[in-house]
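Position 53, counted from 1, in the sequence shown is what the UniProt record's numbering calls 53; the numbers after and before it change by one each time, with no gaps. Just so you know, even glycine gets a beta-carbon here, dropped at the ideal spot from N, CA and C. Fair warning: this is a prediction, and the values are worked out from it, not measured in the lab. Inspection log for the structure reproduced underneath, given as structure tokens.
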Amino acid sequence: MYVPFENLPEESRIWIYQSNRKFSDAEFSEIEKDLQQFLEGWAAHGTSLEASYQLKYNRFIIIAVNQEVQAATGCSIDASVVFIQSLEQKYQVDLLDKMNVTFKLGEHIAHKPLIDFKKMVKDKAVTENTIVFNNLINNIQEYNESWEVPAADSWHSRFF
């Protein structure tokens, strides 16, 4: 069951999918409709999941579930991954590769393979103050506090 994102508790579980390219506004509008439809029918063991989403920077798909109402289970998580894979195929993008880094260069959002990010660190093209997107967060509270952070404050700090 879809609910507005702001109505979910901070403990709600979260998954962040980053695209290897920016979506057009038209694509993001289609994705929003597909997400709402998916979330309306998303269930775990026959019980509707209280879930929502956010779309950010024409690049990120964020899905959240209120675990206090009904926890997402293996089968329901698998269903969400199948849904994300369908978006990958439809839009010819990569949303599941965790070996990529997305970060801000001024107002621009950059997306690089981890090996290229490490090279940028070595070349001092990015610094510990570079804002990175920490997609390893687990809940809405972490999302609000620790998603967009200086590299020094995330797992990316190991490269400096």
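- Per the coordinates, the alpha-carbon of G106 lies some 46 Å from the alpha-carbon of G46.
- Assigned with DSSP and collapsed to three states, S12 falls in coil, not helix or strand.
- Ranking K22, Q85, D97 by CA distance to the CA of F38 puts Q85 first.
- In the three-state scheme derived from DSSP, where H, G and I count as helix and E and B as strand, Y57 is classed as coil.
- Of the residues A79, V3, I31, V65, the one whose Cα lies closest to the Cα of I14 is V65.
- Listed as beta-bridge partners of V65 by DSSP are R13, A51.
- Per DSSP, the unbroken alpha helix (DSSP H) holding A79 starts and ends at 74-91.
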